[in-house]
Amino acid sequence: MSVVQAPAESLDGTQRTPIINDFAFSVATENGSGSQTSNNVLVKSLFKMGIPVNGKNLFPSNIKGLPTWYTIRVSKDGYIARRNTTEIIVAYNQATVNQDIANIPPGGVCIYRDDLKIPRDQREDVTYYPVPVRDLMKEADVPRQFKARVENMTYVGVVAQLFGIDMDIAYEALLENFGGKEKPAKMNMDVIRLSYDWAADNLTKEDPFHFEPMNATQGKILITGNEAAALGAIFGGVHFVAWYPITPSTSVVDAIEDYQYLRRDENGNNTLAVVQAED
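Residue numbers (the working numbering): 957 to 1235.
Given below as structure tokens:
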């Protein structure tokens, strides 16, 4: 069976046998809302737990405001290719919440901002966990100019508490994401921990999904497809890159710029040029 063919475990809405490291979830937000950092923390944390994991960003080619989704799949058997079915939805976008809930399979989970207007005829075969994002951010010690971009960390804390991500591992992932800079890592971690503690005190787990540590990622690296493409271009001998920003390919060129030092000549000079082309 290929990774593409690997099926999800069937849910009938009454599933109570624990489902461990074999499910997928999708995060629905707005493009430009800062969710990339939050999603990276989740994927990196799961990888650090030794769980085979894959993340896929689905977003429009625009600057800000349109819907974006990020799907994360974990598979104890190593089947991490993206699939259409996601058992868990993190609904943080009013524009897509109705369709996001409709797409949840029976027995699935919806984690949602409690200020969203969700369908009046809520599905009874889905477990709902509301998150008081505004109240949590009022309590969080975050400068006003950063609150809007940091509020997505609330779902990181709730996901961590409900499904089992260790806080120390989450902080390691944050530090890594911010290049070891403790100040932004601490600011984001404070929101994660606040949300984690709130979930522990206020939510009763009613679903079968769990993360548990494994040892299946030892000797492996976590890399995006665009980073891999960039490294392939560099070691393939690319000398000139011209590009236009704010597209799904932006991170390819960002990675080429980050890793071009790997192909400097014997005098320490770069062997390739990157030019941002504008009209």
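Glycine is no exception: its CB is placed at the ideal position from the N, C-alpha and C atoms.
Element boundaries [beta strand (DSSP E), containing residue i]
i	result
Thr1083	Thr1083 to Val1087
Thr1027	Pro1023 to Ser1031
Asn1010	Val1009 to Leu1014
Arg1069	Val1065 to Arg1069
Ile1044	Ile1044 to Ala1047
Val1098	Taken as a continuous stretch (DSSP letters only), Val1098 belongs to no beta strand (DSSP E), as it is neither H nor E.
Val1197	Phe1196 to Trp1199
Cβ pair residue i, residue j closer than 8 Å
i	j	result
Leu1118	Leu1159	yes
Tyr1215	Leu1187	yes
Val1089	Arg1069	yes
Val1208	Val1230	no
Val1046	Val1115	yes
Tyr1026	Ser1001	no
Val1065	Val1082	yes
Tyr1085	Ile1067	yes
Leu1022	Gln1050	no
Met1123	Lys1032	no
Asn1133	Thr993	yes
Ile1028	Ala1172	no
Assigned secondary structure, residue i (DSSP; H/G/I helix, E/B strand, else coil)
i	result
Asp1124	helix
Thr1227	coil
Ala984	strand
Gln992	helix
Phe1167	coil
Ile1212	helix
Asp978	strand
Rounded C-alpha distance that separates residue i from residue j
i	j	result
Ile1121	Thr973	20 Å
Thr1024	Asn995	12 Å
Glu1213	Ala1037	28 Å
Glu1138	Ala1104	20 Å
Gly1011	Thr985	15 Å
Ala1211	Tyr1152	33 Å
Lys1161	Leu1131	29 Å
Arg1220	Ala1189	14 Å
Lys1004	Val997	10 Å
Ile1060	Asn1182	29 Å
Gln1078	Ala1155	22 Å
Continuous alpha helix (DSSP H) stretch holding residue i: start and end
i	result
Ala1058	Val1053 to Ala1058
Ala1116	Met1109 to Phe1119
Tyr1035	Looking at the DSSP string, Tyr1035 is not in any alpha helix (DSSP H), and its letter there is neither H nor E.
Gly1188	Gly1181 to Phe1191
Ser1151	Glu1138 to Asn1158
Discussion item. Does the contact criterion of 3 or more C-beta pairs under 8 Å hold for the region 968-987 versus the region 1035-1042?
Written reply: yes
Worksheet item: Using 8 Å as the threshold, is the region 1142-1153 in touch with the region 1102-1115, meaning 3 or more CB pairs across them?
Response: yes
Discussion item. Assess contact between the region 1127-1137 and the region 1162-1172, defined as three or more Cβ pairs (one per stretch) separated by less than 8 Å. Is contact present?
Written reply: no
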